[in-house]
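Notes to accompany the following structure.
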Ligand SMILES: Cc1cc2nc3c(=O)[nH]c(=O)nc-3n(C[C@H](O)[C@H](O)[C@H](O)COP(=O)(O)O)c2cc1C
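Numbering (our numbering), first residue to last: 18 to 348.
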């Protein structure tokens, strides 16, 4: 059984990709993921704020050095050390390229129009074989309309697309009034793949200390339903690649994601919980299931439950809500 998959212009050995997480942030664990069979890796996002802060620290340091007597300069650390630290994230791209045979996708989380373009180019120059833009925005400003946010996203994708010559994926959140329209516009702005979805980590209130607490709860299999449903709904309208991220824990989750129409299946939480070897369980479980059910290729499975191919497509939409509420057994 071959699981060969085309994603972002690469011929992957399977649809399974390790998505951005601390596991993809170190060469040791990247190697372990490759050995366990991940078909590609997405490195942890480079945050524009982080890169800018580091650059500003270097500029301040260099200016201070220029104003300081030669004798005093010897008390300062070697500027090359600072430079190396500032390129920690770019260094990871270089090191990952040197150490791995699988495609290395770098993820970027920018804030300014210039920053997206500048740092995307730097990641490509460092060796990234594809870029994943992480469009993460909480629309909390009442003065900014949804239209403005969407137009900004579109412009970001268009500008990065024009600036780089490697495949471009865009990781999105589902929280738009018309997600299907946003997906369409982002695709037309130049995204070769959409990665669904960004996971939001909302803070919790501690009523005792009256403080906000950061929470990082890993996904569970039921979180699969959101990306799975949207992939099924988008599939008939999209020729470009769709990657599922969120809730992929067991082989059956992979089956459902593929049936919905996903090209690539990304995993983080399950790998953090179970270790890179979980990829073997996912891959072998998928093969076993396909063999048992008589599927001979991924193409037969992929998209067989997309919105245009299921018998009751309206279950993806409003009637799902109505029927679901009515289905609750009487008290
Ligand atoms: C500890 C941790 C760190 C993550 N870091 C990033 C990141 O840097 N960039 C990104 O786009 N997603 C990041 N994610 C999100 C994952 O890539 C993934 O999209 C999300 O966890 C949903 O997939 P899952 O259900 O397989 O965990 C992170 C997730 C976790 C748990």
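Note that CB positions come from ideal geometry on N, CA and C, so glycine has one too. Small disclaimer: the values here were computed from a predicted structure and weren't measured.
Quick check: does the Cβ of residue 283 come within less than 7 Å of any heavy atom belonging to ligand 2? Absence of ligand 2 is noted for the structure shown, with ligand 1 being the only ligands found.
So, for residue 258: in the same chain, excluding its five sequence neighbours on each side, which residues have a beta-carbon less than 8 Å away from its beta-carbon? Indexing the chain shown from 1 puts residue 258 at position 241. Taken in chain order, the residues that qualify are 23, 24, 25, 186, 209, 210, 211, 280, 281.
For the alpha helix (DSSP H) containing residue 200, list its first residue and its last residue. For this step, residue 200 is matched to residue 183 along the chain shown. Looking at the DSSP string, the run of the alpha helix (DSSP H) that includes residue 200 is 196-205.
Tell me whether residue 39 counts as near ligand 1, meaning its Cβ is closer than 7 Å to at least one heavy atom of that ligand. Mapped onto the chain shown, residue 39 falls at position 22. Yes; taking the cut-off as 7 Å, the Cβ of residue 39 has a heavy atom of ligand 1 nearer than that.
Beta carbon of residue 151: closer than 7 Å to some heavy atom of ligand 1? The count along the chain shown starts at 1 and reaches residue 151 at position 134. It does: the Cβ of residue 151 is within 7 Å (strictly closer) of some heavy atom of ligand 1.
Could you pull the DSSP bridge partners for residue 12 from this structure? With the chain represented from 18 up to 348, any question about residue 12 goes unanswered, as that position is not in the structure.
Rounded Cβ spacing between residue 151 and residue 125 (contact assumed at less than 8 Å): Here residue 151 corresponds to residue number 134 of the chain shown, with the count starting at 1. Here residue 125 corresponds to residue number 108 of the chain shown, with the count starting at 1. With a Cβ gap of about 7 Å, residue 151 and residue 125 count as contacting.
What does residue 210 pair with, by DSSP beta-bridge criteria? Locating residue 210 in the chain shown gives position 193, where the first residue counts as 1. In DSSP, residue 210 forms a bridge with 186, 258.
Using the Cβ count rule (16 or more neighbours within 10 Å means buried), how would you classify residue 345? Stepping through the chain shown from its first residue, residue 345 is reached at position 328. Using a 10 angstroms sphere on the CB of residue 345, the tally of other CB atoms stays under 16, which defines it as exposed.
Let me know the secondary structure DSSP gives residue 319 once reduced to three states. Mapped onto the chain shown, residue 319 falls at position 302. In the structure shown, residue 319 sits in coil (DSSP, three-state: anything other than H, G, I, E or B).
Does the segment 295-308 come close enough to the segment 218-233 that 3 or more CB-CB pairs lie under 8 Å? no
Confirm, please, whether the CB-CB distance from residue 106 to residue 50 is below 8 Å. For the purposes of this step, residue 50 is taken as residue 33 along the chain shown, with counting starting at 1. For the purposes of this step, residue 106 is taken as residue 89 along the chain shown, with counting starting at 1. Their beta carbons are not under 8 Å apart, which means residue 50 does not touch residue 106 by this criterion.
Which residues DSSP lists as bridging residue 123, in chain order: Here the question's residue 123 lines up with position 106 in the chain shown. DSSP output for residue 123 lists 148 as bridge partner(s).
So is the beta-carbon of residue 279 under 7 Å away from any non-hydrogen atom of ligand 1? Walking along the chain shown from the start, residue 279 turns up at place 262. Of the heavy atoms belonging to ligand 1, none sits nearer than 7 Å to the Cβ of residue 279.
Straight-line gap, residue 53 to residue 206 (C-alpha atoms, nearest Å): Within the chain shown, residue 53 is the residue found at index 36, counting from 1. Within the chain shown, residue 206 is the residue found at index 189, counting from 1. Spanning the two alpha carbons is a distance of roughly 35 Å.
Report yes if the C-beta distance between residue 56 and residue 19 is below 8 Å; otherwise report no. On the chain shown, residue 56 is found 39 positions in, with the first residue counted as 1. On the chain shown, residue 19 is found 2 positions in, with the first residue counted as 1. Going by C-beta atoms, residue 56 is not nearer than 8 Å to residue 19.
Is residue 157 buried or exposed, if buried means 16 or more other CB atoms sit within 10 Å of its CB? Stepping through the chain shown from its first residue, residue 157 is reached at position 140. Burial call: exposed.
Counting Cβ pairs, one atom from each stretch, are 3 or more of them under 8 Å apart for the segment 307-320 and the segment 262-280? yes
Member of 332, 215, 272 whose CA lies at the smallest distance from the CA of residue 188: Sequence index remark: in the chain shown, residue 188 carries index 171 (1-based). For the residues 332, 215, 272, the minimum Cα distance to residue 188 belongs to 215.
If you draw a straight line from the alpha carbon of residue 203 to that of residue 190, how long is it in whole angstroms? Numbered from its first residue, the chain shown carries residue 203 at position 186. Numbered from its first residue, the chain shown carries residue 190 at position 173. Approximately 12 Å between the Cα atoms of the pair.
Within 10 angstroms of the Cβ of residue 250, are there 16 or more other Cβ atoms? Answer buried if so, exposed if not. Locating residue 250 in the chain shown gives position 233, counting from the first residue. So residue 250 counts as buried.
According to DSSP, is residue 136 part of a helix, a strand, or is it coil? Numbered from its first residue, the chain shown carries residue 136 at position 119. In this structure, residue 136 counts as helix in the three-state DSSP scheme.
For residue 55, three-class secondary structure by DSSP: Here residue 55 corresponds to residue number 38 of the chain shown, with the count starting at 1. Reduced to three states, the DSSP call for residue 55 is coil.
Bridge partners for residue 22 per DSSP, in chain order? Taking the first residue of the chain shown as position 1, residue 22 is located at position 5. Answer is 29.
Going by DSSP, what residues sit across from residue 131 in a beta bridge? As a working mapping, residue 131 is identified with position 114 in the chain shown. Per DSSP, residue 131 has no beta-bridge partner at all.
Closest Cα partner of residue 64 within the set 136, 236, 331, 304: For the purposes of this step, residue 64 is taken as the residue at position 47 of the chain shown. Residue 136 is the option with its Cα nearest to residue 64.
Just how far apart, CA to CA, sit residue 341 and residue 329? As a first step, residue 341 must be located in the chain shown, where it is residue number 324. As a first step, residue 329 must be located in the chain shown, where it is residue number 312. Rounded to the nearest angstrom, the two C-alpha atoms are 14 Å apart.
Within 7 Å: the Cβ of residue 188 and any heavy atom of ligand 1? As a first step, residue 188 is located in the chain shown; it is residue number 171 there, counting from the start. Yes, the Cβ of residue 188 comes within 7 Å of a heavy atom of ligand 1.
Identify whether residue 173 lies in helix, strand or coil by the three-state DSSP scheme. On the chain shown, position 156 is the one that residue 173 refers to. Looking at residue 173 - three-state DSSP - the assignment turns out to be helix.
Rank 146, 112, 110 by C-alpha distance to the C-alpha of residue 28 and give the top, closest one. Residue numbering aside, residue 28 sits at position 11 when the chain shown is read from its first letter. Nearest C-alpha to residue 28: 146.
Evaluate residue 108 with the Cβ neighbour count: other Cβ atoms within 10 Å of its Cβ, from every protein chain shown; 16 or more gives buried, anything less gives exposed. Along the chain shown, one-based indexing puts residue 108 at 91. Its Cβ having fewer than 16 others within 10 Å, residue 108 is exposed.
Taking Cβ positions, are residue 260 and residue 283 nearer each other than 8 Å? Stepping through the chain shown from its first residue, residue 260 is reached at position 243. Stepping through the chain shown from its first residue, residue 283 is reached at position 266. Their beta carbons are under 8 Å apart, which means residue 260 touches residue 283 by this criterion.
Residues bridged to residue 248 by DSSP? Taking the first residue of the chain shown as position 1, residue 248 is located at position 231. Looking at the DSSP assignment, residue 248 forms no beta bridge with any residue, so it has no partner.
Any heavy atom of ligand 1 closer than 7 Å to the beta-carbon of residue 61? Counted from its first residue, the chain shown places residue 61 at position 44. Yes - ligand 1 has a heavy atom lying nearer than 7 Å to the Cβ of residue 61.
Just tell me which of 230, 274, 228, 304 has its CA closest to the CA of residue 240. Locating residue 240 in the chain shown gives position 223, where the first residue counts as 1. Out of 230, 274, 228, 304, 274 has the C-alpha closest to the C-alpha of residue 240.
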